[in-house]
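Here's the structure we're looking at; comments come further down.
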Amino acid sequence: MTRPEWQELTERFALACAEAGLDLSTAFNVRKYNLQAFGNERLFDFERPDALGILVGNTRRLWPVFKRAFERDPGLRADANPVDRYVTEQLRKLASSTLGRPFQLLFAHATAPKPFPFQRLAEAVDFATVSPSHLAVHPEHGPWIALRAVVLVDVEGPPPSLQQLVSPCRGCSAPCVPALRRALEVTPPPLSEAAIAEHAADWIAIRDACPVGRASRYDDEQLAYHYTKSPLLVS
Ligand code: B12
Ligand code: SF4
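Numbers 255 to 489, taken from the numbering used here, label the letters of the sequence shown in order.
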């Protein structure tokens, strides 16, 4: 039996992404998200309501691959946000070389004109659920994931699944909540990356409070980069 095209495309793309350190991908039917999305937050579907969407993220595995690229590439070293640049360049290249169909990319780091709600998308497509700490929690990796992009592809997607991800937060006593409260208490508003950087330990404690996915905790350099934006050193 021949496999559907969406499946072949997704596998090829996901494999290439994983080699680039973007090791989490999930295919979904765009209709599944669009049915519950607000008007201006709907995903583009090429006038094909059941189009293929692929949500891309990463775990701690991104770091060594990204660091090698960072050490080789002066363009990354000169960029104030080298991870975002790396993700953008890699996904544009990999989508062009593996999909063989018209596609559109939407990045989680793009905040203008306004950010696309990636955490809600992740929940709608049963990839991770939104927790009381405002982090998306994955059943295996817990809060130790980043959401990077969605690629929309002009091909019929998978049949909309009726299954629903059981939230890893179900039945949890939510130790992340007092940790979030504490971080908010010590961080003067307005909440910004700079304010979080000054109180990084309290913000990291929110992720550390979660019992799910502890083995996927980021290593120290990755944590420092994400929470304090400390400049990366070339070894
Ligand atoms: C803007 C933004 C922020 C703002 C949030 C301001 C705010 N009040 O919304 C600030 C600078 C504070 C922030 C902080 C952090 N962020 Co941030 N952020 C984003 C960004 C770019 C957009 C979020 C957004 O506006 N969504 C649109 C709104 C309309 O969606 P929403 O569903 O209504 O609301 C969600 C968020 O806005 C957020 N939120 C809403 N209210 C509040 C209140 C508080 C106190 C916090 C912390 C968050 C928050 O949670 C909601 C879901 O529960 C996303 C990427 C993306 N495109 O999603 C990353 C993102 C959410 N951030 C991320 C991370 C890792 C962080 C930090 C841990 C690290 C850091 N240095 O940035 C901290 C701390 C967060 C925490 N919970 O511990 C990750 C989360 C990964 C995950 N597992 O879920 C994301 C998905 C980026 C990524 N590449 O993976 N962030
Ligand atoms: S501590 Fe519990 S409630 Fe909080 S994110 Fe983790 S599993 Fe969910």
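All residues carry an ideal CB built from backbone N, CA and C; glycine is no exception.
Integer Cβ distance of residue i from residue j, believed to fall under 8 Å
i, j, result
"Val310", "Leu360", "Not a contact, Cβ separation roughly 10 Å."
"Ala376", "Leu416", "Between Leu416 and Ala376 the Cβ distance is about 18 Å, and since that is not below 8 Å, they are no contact."
"Leu477", "Val284", "Going by Cβ atoms, the distance from Leu477 to Val284 rounds to 34 Å, so no, they are not a contact pair."
"His392", "Ala378", "Actually they do not touch by this definition, with Cβ atoms about 14 Å apart."
"Lys483", "Ala451", "6 Å"
"Ser470", "Thr313", "5 Å"
"Ala449", "Pro442", "6 Å"
Residues that DSSP places opposite residue i in a beta bridge
i, result
"Ile308", "Ala281 and Val405"
"Ala400", "Asn312"
"Glu265", "None; Glu265 has no bridge partner."
"Glu410", "Ala305"
"Thr482", "Its beta-bridge partners do not exist; DSSP assigns none."
Range covered by the beta strand (DSSP E) that runs through residue i
i, result
"Phe357", "Phe357 to Phe361"
Start and end residues, alpha helix (DSSP H) containing residue i
i, result
"Phe372", "Phe372 to Ala378"
"Leu434", "Cys430 to Val440"
"Lys347", "Pro336 to Thr352"
"Gly329", "Pro328 to Arg331"
"Ala459", "Ala454 to Asp462"
Residue nearest to residue i in terms of C-alpha spacing, selected from the options
i, options, result
"Phe357", "Asp408, Asn335, Thr365 and Phe370", "Asp408"
"Val319", "Pro442, Gln344 and Gly467", "Gln344"
"Phe282", "Cys430, Ser427, Leu263 and Asn294", "Leu263"
"Asp304", "Ser279, His363, Gly411 and Pro386", "Gly411"
"Ile399", "Ala362, Arg435 and Ala455", "Ala362"
"Thr280", "Ala469, Ala403 and Val440", "Ala403"
"Ala428", "Val440, Pro414 and Pro397", "Pro397"
"Pro369", "Arg314, Val431, Asn294 and Thr342", "Asn294"
"Pro432", "Asn335, Thr441 and Ser387", "Ser387"
"Pro258", "Asp473, Leu306 and Leu297", "Leu306"
"Phe372", "Lys321, Arg296 and Glu394", "Arg296"
"Ser385", "Lys286, Asp299, Glu301 and Pro465", "Pro465"
Do the region 324 to 335 and the region 419 to 429 meet, that is, are 3 or more Cβ pairs less than 8 Å apart? The answer is no - the region 419 to 429 does not touch the region 324 to 335, with fewer than three Cβ pairs under 8 Å.
Given 8 Å as the limit, is there contact between the region 343 to 356 and the region 267 to 275, that is, 3 or more CB pairs closer than that? By the Cβ test, the region 343 to 356 is in contact with the region 267 to 275, since at least three Cβ pairs between them sit closer than 8 Å.
Are at least three pairs of beta-carbons, each pair with one atom in the region 456 to 468 and one in the region 425 to 437, less than 8 Å apart? Taking 8 Å as the limit for Cβ pairs, the verdict is that the region 425 to 437 does touch the region 456 to 468.
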